[in-house]
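The structure under discussion appears below in the form of structure tokens.
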Amino acid sequence: MSEKIDRLHDAAEAVRACAKEIGDCMKGTDDPVPHKARIVAAIERLLRRDDLREIGSPRKTSHANGSWILYYDPKLMIVLGDRRNDMGDTDPHNHGAWIATSVYAGQVRYRSYARTDDRKTAGKAQLQLSEDRILNAGEVALSGAVPHDIHQVNRLSDTYNLMIVTGGYLPGTREYYDVENGTYEVRPAD
Ligand SMILES: [Fe+2]
273 MSEKIDRLHD AAEAVRACAK EIGDCMKGTD DPVPHKARIV AAIERLLRRD DLREIGSPRK
333 TSHANGSWIL YYDPKLMIVL GDRRNDMGDT DPHNHGAWIA TSVYAGQVRY RSYARTDDRK
393 TAGKAQLQLS EDRILNAGEV ALSGAVPHDI HQVNRLSDTY NLMIVTGGYL PGTREYYDVE
453 NGTYEVRPAD
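Here it is in structure tokens:
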């Protein structure tokens, strides 16, 4: 095999190792927070590779120049997104599944929210900011467990981000929140 194929195979193995470590942490639980240190370390290791752009399978997206699936199983998906264009800020939204947000190249502002209402009134939601930080290349942020998986990621420069999204990722819809007014609307997922 050529040197390049060997190297890309190593990259794919590194992706699988990251997925396995996260999968091991999440056996029997939907709450990533108690395993934060291990999950973050696994993703940080993956971010150190400089060849992740070469191994993904392209997927459709409406929020980026490009998006590539690096890993998929029914519980876990690792996606690299090219955010070199500015397609505007996203509103805070959920996925119905916890996610890890990380930066492969560039810089983003990351915010996450805890949901503090009883979720009994359609269209209404009270959110509390739980994290508001700048993520630089190599850095990772973890959402809470559902329903505290609400997040907002806004690019501050040309960026490639690496998202780890978990089981239940494709529910078809997401809730987009208006934090100040305490409301949300349901829109199709991208
Ligand atoms: Fe998102």
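If you want my numbering, it's the 1-based position in the sequence shown plus 272. Even for Gly, the Cβ is constructed at its ideal location relative to N, Cα and C. The structure displayed is predicted, hence computed values, not measured ones.
With respect to the alpha helix (DSSP H) encompassing residue i, which residues constitute its N-terminal and C-terminal limits?
| i | result |
| --- | --- |
| ALA394 | Where ALA394 is concerned, there is no enclosing alpha helix (DSSP H), given that its DSSP letter is neither H nor E. |
| ASP278 | 275-297 |
Closer than 8 Å by C-beta to residue i: which residues in its own chain qualify, once you throw out the five before and the five after it? Chain order, please.
| i | result |
| --- | --- |
| ASP396 | Per the sequence shown, the amino acid found at residue 396 is Lys instead of Asp. These residues qualify, in order along the chain: ASP389, GLY454, THR455, TYR456. |
| ALA309 | none |
| ILE406 | GLN379, VAL380, ARG381, TYR382, LEU428 |
| ASP430 | ARG355, ARG356, ALA377, GLY378 |
| ASP363 | GLN424, TYR448, TYR449, ASP450 |
How about residue i and residue j: do their beta carbons lie closer than 7 Å?
| i | j | result |
| --- | --- | --- |
| ALA413 | VAL375 | no |
| ALA336 | ASP354 | yes |
| PRO460 | THR438 | no |
| LEU318 | GLN379 | no |
| ALA284 | ILE327 | yes |
| ILE234 | SER415 | Residue numbering for the chain in the displayed model covers 273 to 462; residue 234 lies beyond these limits and cannot be assessed. |
| VAL425 | TYR343 | no |
If you drop the 5 nearest sequence neighbours on each side, which residues of the same chain put their C-beta closer than 6 Å to that of residue i?
| i | result |
| --- | --- |
| GLN400 | ALA386, THR388 |
| LEU434 | LEU352, SER374, TYR376 |
Cα-Cα, which of the options is closest to residue i?
| i | options | result |
| --- | --- | --- |
| HIS423 | GLY439, THR431, SER402, TYR432 | SER402 |
| ILE277 | ASP323, GLY439, LYS299 | ASP323 |
| TYR449 | ARG325, ASP430, HIS367 | HIS367 |
| ASP345 | ALA291, ARG331, GLY338 | ALA291 |
| PRO306 | ASP421, ALA417, ASN433 | ALA417 |
| GLU316 | ILE406, THR373, THR393, ARG391 | THR373 |
Starting from residue i, follow the beta strand (DSSP E) in both directions and report where the run begins and ends.
| i | result |
| --- | --- |
| ALA314 | Here ALA314 belongs to no beta strand (DSSP E); instead the alpha helix (DSSP H) covers 308-319. |
| PRO460 | 455-460 |
| LEU348 | 348-355 |
| LEU428 | Counting along the chain, LEU428 falls outside any beta strand (DSSP E), and DSSP gives it neither H nor E. |
| TRP340 | 338-345 |
| ASN408 | 399-408 |
Which residues in the same chain have their Cβ closer than 7 Å to the Cβ of residue i, if we skip the five residues on either side of it in sequence?
| i | result |
| --- | --- |
| ILE341 | GLY328, SER329, ARG331, MET349, VAL351 |
| ARG279 | ASP323 |
| ASP404 | ARG383 |
| ALA314 | CYS290, GLU293, ILE294 |
| GLU411 | SER374, VAL375 |
| ARG321 | ALA283, ALA286 |
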